[in-house]
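Asks: Next up is a structure, given as structure tokens.
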């Protein structure tokens with residue numbers, strides 16, 4: 005009789021454990037599904053301040069700020085750096101365009117501050133709810149915000165074209181990329197975090213969750229912030245001080261030889 009009672013108690017405990025566990029996971033994923041623009045879309049990144057080491061300028065330490073502008077719908081339009089956006093030999097400014105459904109349809113990556121040239125000009129076409137085709141023009145000239153596609157300038161390098169197909173899951177997350185230079189599979193755990201070797205997560209909010217554009221361009225829809233980056237969070241559980249932020253290019257820095265650097269993030273929250 006005692007053994008039977010123990011067995012019944014243990015079975016009840018298992019049922020309760022699985023109900024609580026899977027109920028919690030379901031709630032977390034339901035929350036993601038109902039917040040297509042990001043689970044922290046009540047806050048927008050305003051600017052990120054940091055310092056970086058300029059290898060090509062006599063080893064100068066540059067104090068820099070990435071400033072983000074938004075359209076009337078709250079979608080990011082530009083990322084411009086106070087330094088001009090050039091770290092060593094690479095431009096880091098970014099530009100974004102959207103359709104009338106507020107979907108990202110063009111992305112200028114590693115761009116000059118006037119957005120007349122970029123190392124990468126992406127054009128996105130949506131096929132149903134689960135496929136996005138990315139046509140990328142490499143070394144692209146043209147007026148990004150006033151032209152539909154790059155132009156060829158005689159005497160300049162003709163753009164190379166890459167094509168990548170992204171497959172999305174029912175939560176709108178990229179789970180697979182197939183293309184000329186990208187063949188990757190992305191897996192998420194029950195908490196909604198990207199499974200990566202050696203990466204663990206905190207219970208705080210991932211900065212990319214402030215807008216779906218940040219998640220899309222990084223192929224990372226993780227709900228929680230990775231461990232080891234942020235040193236201070238605000239009341240919205242978003243990082244405001246960090247050793248590093250893996251969302252924008254913030255220049256070269258060797259912590260081993262130069263010591264840790266502090267990255268500061270300002271938000272506009274409502």
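In my numbering, the protein residues as written are 5 to 274.
Note that beta-carbon positions come from the ideal geometry of N, C-alpha and C, so glycine has one too.
(1) Hey, would you say residue 214 sits closer than 7 Å to residue 44, going by beta carbons?
(2) Below 8 Å on the Cβ atoms is my guess for residue 222 versus residue 251; work out the distance and round it to an integer in Å.
(3) Beta strand (DSSP E) containing residue 249: first to last residue?
(4) Since residue 172 and residue 179 are thought to touch, with beta carbons under 8 Å apart, how far apart are those beta carbons, to the nearest angstrom?
(5) Helix, strand or coil: how does DSSP classify residue 269 here?
(6) Find the nearest neighbour of residue 82 within the set 204, 175, 65 and 118, judged by alpha-carbon distance.
(7) Return the first residue and the last residue of the alpha helix (DSSP H) that residue 220 is part of.
(8) Among 133, 86, 87 and 89, which residue has its Cα nearest to the Cα of residue 105?
(9) To the nearest angstrom, report how far apart residue 55 and residue 229 are at their CA atoms.
(10) If distances are taken between C-alpha atoms only, which option among 150, 138 and 73 comes closest to residue 120?
(11) Using only the alpha-carbon positions, how far apart do residue 14 and residue 195 sit?
(12) Around the C-beta of residue 211, are 16 or more other C-beta atoms found within 10 angstroms, so that it is buried, or is it exposed?
(13) With a Cβ-Cβ cutoff of 7 Å, do residue 50 and residue 224 count as a contact?
(14) Could you give the first and the last residue of the continuous beta strand (DSSP E) run that contains residue 183?
(15) Can you check DSSP and say which residues form a bridge with residue 130?
(16) Answer yes or no: do residue 86 and residue 66 have a C-beta to C-beta separation smaller than 7 Å?
(17) Which residue from 274, 79, 95 and 145 puts its Cα closest to that of residue 101?
(18) Please confirm whether residue 98 and residue 113 have their CB atoms less than 7 Å apart.
(19) Which residues in the same chain have their Cβ closer than 7 Å to the Cβ of residue 154, if we skip the five residues on either side of it in sequence?
(20) Quick check: what's the CA-CA separation for residue 160 versus residue 240?
Replies: This is what the structure holds:
(1) yes
(2) Right, their Cβ atoms sit about 7 Å apart.
(3) Note, residue 249: premise wrong, no beta strand (DSSP E); not H, not E.
(4) 7 Å
(5) strand
(6) For residue 82, the nearest C-alpha among the options comes from 118.
(7) 216-222
(8) 133
(9) Cα to Cα, residue 55 sits roughly 22 Å from residue 229.
(10) 150
(11) Unreliable positioning characterises residue 14 in this predicted model, as indicated by a pLDDT of 43, which lies under 50. A coordinate reading is not provided.
(12) buried
(13) No. Outside cutoff.
(14) 178-183
(15) Residue pairing by DSSP places residue 130 opposite 136 in a beta bridge.
(16) no
(17) 79
(18) Cβ distance < 7 Å, so residue 98 and residue 113 count as in contact.
(19) 125, 141, 144, 145, 146 and 163
(20) Taken atom to atom, the span from the alpha-carbon of residue 160 to that of residue 240 is near 47 Å.
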